[in-house]
Amino acid sequence: MTTNGNVSFWYAADGLPTPRPALAGDAEVDVVIVGAGYTGLWSAYYLAKADPTLRIAVLESRFAGFGASGRNGGWLANNITGGRDGYVKSHGRALVGDFQRMLNDTIDEVINVAAAEGIEAHIHKGGELLVARNQAQLGRLEAMAADQAAWPEDEAVRLSAEQTRARINVAGALGSIHIPHCARLDPARLVRGLAGAVERLGVQIYENTLVTEIHPGAKGASAYAVTERGIVRAGHVLRATEGFTANLASAHRDWLPMNSSMIVTTPLGEDTWEQLGWEGLETVEDFAHAYVYAQRTHDGRIAIGGRGVPYRYGSRTDMDGSTQPATVKALTEILHSMFPAADAARIDHAWSGVLGVPRDWRATVNYDRATGLGFAGGYVGTGVTATNLAGRTLADLVLGRVTAATAMPWVNRTVRRWEPEPLRWLAVKGMYGLYHRADAQEADGRMTTSPLARLANRISGR
Ligand SMILES: Cc1cc2nc3c(=O)[nH]c(=O)nc-3n(C[C@H](O)[C@H](O)[C@H](O)COP(=O)(O)OP(=O)(O)OC[C@H]3O[C@@H](n4cnc5c(N)ncnc54)[C@H](O)[C@@H]3O)c2cc1C
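Count the sequence shown with the numbering used here and you get residues 275 to 736, in order.
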């Protein structure tokens, strides 16, 4: 393997960005945003567009795109994080249908803004292909297809084994579901381009500026963010720190930092692509419990990801994305098993990143006018699209606008916190151990979903 870590493969061609200046002392602005990933930058983008007079500062501990936004699998997908069923129970079918359509439209919003701002993120909307590779997975596929019959918003199409292989030659494919609402992209190109776009709108991004505390405002006093380089006061302070949120003492048990790891091959030859097909550039996922996601990159590689070591004791987060050899080996085996035509390809790069997992596995957008504090996140592994809607929603909430977005069911929710250690570590380790064993049983010929996976689902609290 050529590179392990160094943030991610997505920076390999263009190099890590030259750092922007850090904060140089105390300051006062209208809006402070903590974290320059998609959530923070989309919030800044829509605020600055809506009111060009606003003074907006983004405080970033490393550089814009250092987190999951510069490391992800590049699936611009239409998922409602945590699924639709819970929201149907709490808010009713009609509103969840609106939410789903809004997420579908958000994919096009990202594509349109990227085009308008001259961001070349190699976006291609080819949909997503969810493939069943054994009988137990096929059972889950059928259950999903039955559920989707009640959700025409997805426009999902059930494909036979033959139709699946006609799109992509996934070994052992027994059938698939194609959902047109998904695009593949280069995530770092998107976040880097977005940072440039918000700067052009007058937003100040301060890099290498770690926020250590966030304090609410009260009558007559502004909210403020404390950094190692000064205090920034503002009418509104928005936290957009996702998988790193546990590092802030006030939010340590809010979202569990979960690791996701990826590998990418060297560019594959024309003959290999002829065997694989994949001309529609769909994103690909299977129905395993410790699931796997893949894309065909713009430069003809396969990038594939899944859970490595899912969680570090005490909610520690990684720094540079370096990935354990056992995880690289496991992902390489999955790559070869799904795409044997790519057997000869070398693994060029491996990396990991952290995502935020709330106790109920559902994302939240919150804003409290009384304190001036807001936040968005907890997207689990589905934030590339959701961050755009979250950013637009935070902007509306800050500006006091009542819109269709502010009526969505993920706005202003209260979620219970994770258990203290060692329970947190034991639960996640146990859960993923069970998922891996369940996947192995099913790959060995078990016809139905393993009870181990059902047990893991109960532990997860989803
Ligand atoms: C390997 C991997 C694959 C993924 N694949 C997909 C996918 O294909 N599709 C999908 O939809 N989602 C995917 N995700 C999830 C998706 O990337 C995230 O949901 C999304 O990027 C979250 O954006 P964010 O801005 O909220 O967080 P981040 O991008 O993590 O940004 C948070 C930023 O805050 C900064 N920060 C943190 N703490 C502080 C502090 N105290 N002070 C100052 N700055 C701070 C960080 O340095 C970081 O830049 C994946 C995630 C990973 C890790």
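Beta carbons: idealized from backbone N, C-alpha and C, even for Gly. On a predicted model such as this, the values are computed, not experimentally measured, just so you know.
| Check | Outcome |
| --- | --- |
| Touch test, the stretch 546-562 against the stretch 398-414, Cβ-Cβ under 8 Å, three pairs minimum | yes |
| Run of the beta strand (DSSP E) containing I330, from where it starts to where it stops | I330 to L333 |
| Distance, N280 Cα to V602 Cα | 15 Å |
| Contact set for M705: own chain, Cβ-Cβ below 7 Å, skip 5 residues either direction | A730, I733 and S734 |
| Touching by the beta-carbon criterion (3+ pairs, under 8 Å), the stretch 630-643 and the stretch 530-540 | yes |
| Alpha-carbon spacing of R422 relative to A564, whole angstroms | The displayed chain sequence assigns Gln, not Arg, to residue 422. Their Cα atoms are separated by approximately 22 Å. |
| Near ligand 1: T606 beta-carbon under 7 Å from a heavy atom | no |
| Cβ-based neighbour list, V485, same chain, cut-off 6 Å, excluding 5 preceding and 5 following | V308, L333, A499 and T501 |
| Residues of its chain near D460, where Cβ-Cβ distance is below 7 Å and the 5 sequence neighbours each way are ignored | W284, G348, A395, H396 and H572 |
| Which listed residue (E548, S724, A457 and G413) has its alpha carbon closest to that of A615 | E548 |
| Distance between beta carbons of L668 and L512, contact taken as under 8 Å | 6 Å |
| Every unbroken alpha helix (DSSP H) within the stretch 575-630, with a cutoff of 4 residues, ordered by chain | 599-612 |
| Whole-angstrom C-beta distance between N378 and H455, which should lie under 8 Å | 5 Å |
| Buried or exposed (CB count within 10 angstroms, at least 16 for buried), T519 | buried |
| Cβ neighbours of V689 in the same chain (closer than 8 Å, five flanking residues each side left out) | D528, P632, R633, D634, R636, T638 and G652 |
| Selection from D670, G289, G674 and V654 that minimises the alpha carbon distance to R463 | G289 |
| Proximity below 8 Å, CB of R294 to CB of I479 | yes |
| Cβ-based neighbour list, H710, same chain, cut-off 7 Å, excluding 5 preceding and 5 following | A564 |
| Proximity test, W529 beta-carbon vs ligand 2 heavy atom, cut-off 7 Å | Because ligand 2 does not appear in the structure shown, any question about it cannot be addressed here, the ligands present being ligand 1. |
| DSSP bridge partner residues for H489 (one or two, in chain order) | Y498 |
| For N640, the residue or residues it bridges with in DSSP | F649 |
| Inter-residue spacing [alpha-carbon to alpha-carbon] between G627 and G517 | 8 Å |
| Nearest neighbour of I578, chosen from Y585, A660 and T540 [CA to CA] | T540 |
| C-alpha distance - A389 paired with S343, whole-angstrom precision | 19 Å |
| Buried versus exposed call for A424 [16 or more other C-beta atoms within 10 Å across all chains shown] | exposed |
| Beta carbon of R740 nearer than 8 Å to that of A296 | The requested residue 740 does not occur in the structure, where the chain is confined to residues 275 to 736. |
| beta-carbon A342 near ligand 1 non-hydrogen atom, thresh 7 Å | yes |
| Residue burial classification, T438 (beta-carbon count within 10 angstroms, cutoff 16) | buried |
| Per DSSP, cross-strand counterpart(s) of N353 | The partner list for N353 (beta bridge, DSSP) is empty, contrary to what the question assumes. |
| Which residues DSSP lists as bridging Y811, in chain order | Nothing about residue 811 can be read from this structure; the chain reaches only from 275 to 736. |
| For P461, the first and last residue of its enclosing beta strand (DSSP E) | Careful: P461 lies outside any beta strand (DSSP E), inside the alpha helix (DSSP H) at P461 to R474. |
| heavy atom of ligand 1 below 7 Å from V472 C-beta | no |
| Distance CB(A410)-CB(E716) smaller than 8 Å | yes |
| Sub-8 Å separation of V658 and N346 beta-carbons | yes |
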